[in-house]
Amino acid sequence: MKVGFINIFGKPNAGKSTLLNALLDEKLAIISPKVQTTRHRIKGILTTDQYQLVFSDTPGIIDPKYKLQQKMMLSVKSALEDADVALLIVDARDDWQENDTLFSSLHLNVPAIVVVNKLDTVSTEKLKEAVSFFESRPYCKKVLTISALSGINKKKFINGILEFLPEGDPFFEEDQLTDLSTRFFVGELVREKIFELFEDEIPYHSTVLVTSFKEQPHLIKITADIIVQRETQKAILLGTGGSMIKKLGTLARKDIESFIGSKIYLELFVKVRPKWRDNDLFLKEYGYQ
Ligand SMILES: Nc1nc2c(ncn2[C@@H]2O[C@H](COP(=O)(O)OP(=O)(O)O)[C@@H](O)[C@H]2O)c(=O)[nH]1
Ligand SMILES: [Mg+2]
322 MKVGFINIFG
332 KPNAGKSTLL
342 NALLDEKLAI
352 ISPKVQTTRH
362 RIKGILTTDQ
372 YQLVFSDTPG
382 IIDPKYKLQQ
392 KMMLSVKSAL
402 EDADVALLIV
412 DARDDWQEND
422 TLFSSLHLNV
432 PAIVVVNKLD
442 TVSTEKLKEA
452 VSFFESRPYC
462 KKVLTISALS
472 GINKKKFING
482 ILEFLPEGDP
492 FFEEDQLTDL
502 STRFFVGELV
512 REKIFELFED
522 EIPYHSTVLV
532 TSFKEQPHLI
542 KITADIIVQR
552 ETQKAILLGT
562 GGSMIKKLGT
572 LARKDIESFI
582 GSKIYLELFV
592 KVRPKWRDND
602 LFLKEYGYQ
């Protein structure tokens, strides 16, 4: 059986998380049109009789400006170290040269497949040009083109990867989808709604901590804290008469219910923790190792 770690790298917004979800047929990674939505390395495991593929979604590669971003880049670094194959994903509309510089700077010592994504947004001509541009790069073993959003030919895509993977024994049980806890994904779904509902700095100054998760006969009771940096941000999150937090809770509850496959009761609290993004103790508490 073919077994391997396939780690997905690229600039913010290239479509890494959308690709992971498409490959797994499951919404594991949260997605938004805003950059830097993904903060952790998220593994998605795909097992059949012929292979076990362990895909990792990673945060977009950026120059870190505060400690949270440093932690985000550490998770990218760990993924660089254990990949069997790197998927270097690029938005077809983006500056190819710039992406090439970034990919070269990773100094990969594993084979790389360049994945030109968002083929739905460019002409066939442009796409062909992109393919030949990346095919000529030294780190690139193969170029695949996809639209992660409109759906990919999974079989073809996976066959393109398999030839680079070693034979071996599986690392995970065949029904295991990820290595992260349900609590983690619950927090992520709440965080996704913050990206959806709020503008400017709010999503970037917020995080979510699930503080309790209790299974009861007909529903799961979940409480979570939304952490922000300032009182003014707390006021925005709550909204007039609590209107925004209510909206947020409703949207998150629907997604969490479909993720867990059970009714839930969700209670959200907003807490102010000044400068949490630069505080090691807070970062640790909120799951950024
Ligand atoms: N048109 C189009 N948009 C896409 C495609 N793949 C991803 N997107 C969009 O690009 C944005 C960023 O996607 P995301 O997966 O969060 O990117 P990430 O930052 O690399 O993880 C989202 O708004 C996606 O819906 C695609 O194939 N075509
Ligand atoms: Mg992402």
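According to our numbering, the sequence shown is numbered sequentially starting from 322. For each residue, glycine too, the CB sits at the ideal point set by N, CA and C.
Using the rule of at least 16 other Cβ atoms within 10 Å of the residue's Cβ for burial, across every protein chain shown, is methionine 322 buried or exposed?
Here residue 322 is taken as the residue at index 1 of the sequence shown, counted from 1. When all chains shown are included, methionine 322 counts as exposed.
Does the Cβ-Cβ distance between glycine 381 and lysine 348 come in under 7 Å?
Within the sequence shown, numbered from 1, the residue matching residue 381 stands at position 60. Within the sequence shown, numbered from 1, the residue matching residue 348 stands at position 27. No.
Under 7 Å between C-beta atoms of valine 436 and isoleucine 410:
Within the sequence shown, residue 436 is the residue found at index 115, counting from 1. Within the sequence shown, residue 410 is the residue found at index 89, counting from 1. Closer than 7 Å, so yes.
Specify, as a first and last residue, the run of the alpha helix (DSSP H) that lysine 605 falls within.
In the sequence shown, residue 605 corresponds to position 284, counting from 1. First-last of the alpha helix (DSSP H) with lysine 605: 601-606.
Considering just the uninterrupted stretch of the beta strand (DSSP E) at glutamine 373, what are its terminal residues?
To locate residue 373, count along the sequence shown from 1; it is residue 52. That run of the beta strand (DSSP E) goes 372-378.
Look at arginine 362 and serine 377 and say whether their C-beta atoms are less than 7 Å apart.
Walking along the sequence shown from the start, residue 362 turns up at place 41. Walking along the sequence shown from the start, residue 377 turns up at place 56. Contact: yes.
Sequence-distant residues of its chain with Cβ nearer than 6 Å to arginine 594 (five each side left out):
By one-based count along the sequence shown, residue 594 stands at place 273. Hits under 6 Å: Ile548, Phe603.
Neighbourhood of leucine 344 by C-beta distance below 7 Å, restricted to the same chain and skipping five residues each side:
Taking the sequence shown and counting its residues from 1, the one referred to as residue 344 is at position 23. Cβ neighbours of leucine 344 beyond the five flanking positions: Gly365, Leu367, Phe376, Lys475.
Where does the unbroken beta strand (DSSP E) through asparagine 438 begin, and where does it stop?
Indexing the sequence shown from 1 puts residue 438 at position 117. Where asparagine 438 is concerned, the enclosing beta strand (DSSP E) stretches over 433-438.
One or two residues paired with phenylalanine 326 in a DSSP bridge:
As a working note, residue 326 is residue 5 in the sequence shown. Note: phenylalanine 326 sits in a beta bridge opposite Val375.
Have a look at valine 529 and aspartate 490 and give me their C-alpha separation to the nearest angstrom.
As a first step, residue 529 is located in the sequence shown; it is residue number 208 there, counting from the start. As a first step, residue 490 is located in the sequence shown; it is residue number 169 there, counting from the start. So the alpha carbons of these two residues sit roughly 36 Å apart.
Around the C-beta of tyrosine 525, are 16 or more other C-beta atoms found within 10 angstroms, so that it is buried, or is it exposed?
As a first step, residue 525 is located in the sequence shown; it is residue number 204 there, counting from the start. It is buried - the Cβ of tyrosine 525 has at least 16 other Cβ atoms within 10 Å.
Span separating the alpha-carbon of aspartate 500 from that of serine 579:
Against the sequence shown, residue 500 aligns to sequence position 179. Against the sequence shown, residue 579 aligns to sequence position 258. Answer to the nearest angstrom: the Cα atoms are 19 Å apart.
May I ask whether a heavy atom of ligand 2 can be found less than 6 Å away from the beta carbon of threonine 359?
Indexing the sequence shown from 1 puts residue 359 at position 38. Yes; taking the cut-off as 6 Å, the Cβ of threonine 359 has a heavy atom of ligand 2 nearer than that.
Excluding the 5 residues flanking asparagine 420 on each side, which residues of the same chain have their C-beta closer than 7 Å to its C-beta?
Walking along the sequence shown from the start, residue 420 turns up at place 99. Hits under 7 Å: Lys332, Val411.
CB-CB under 6 Å to glutamine 391, same chain, minus the five flanking residues each way: which ones, in chain order?
In the sequence shown, residue 391 corresponds to position 70, counting from 1. The residues are Pro385.
Beta bridge counterpart(s) of tyrosine 525 as assigned by DSSP
By one-based count along the sequence shown, residue 525 stands at place 204. Bridge partners of tyrosine 525: none, in fact.
Range covered by the beta strand (DSSP E) that runs through glycine 365:
One-based indexing of the sequence shown puts residue 365 at position 44. Element bounds for glycine 365: 363-368.
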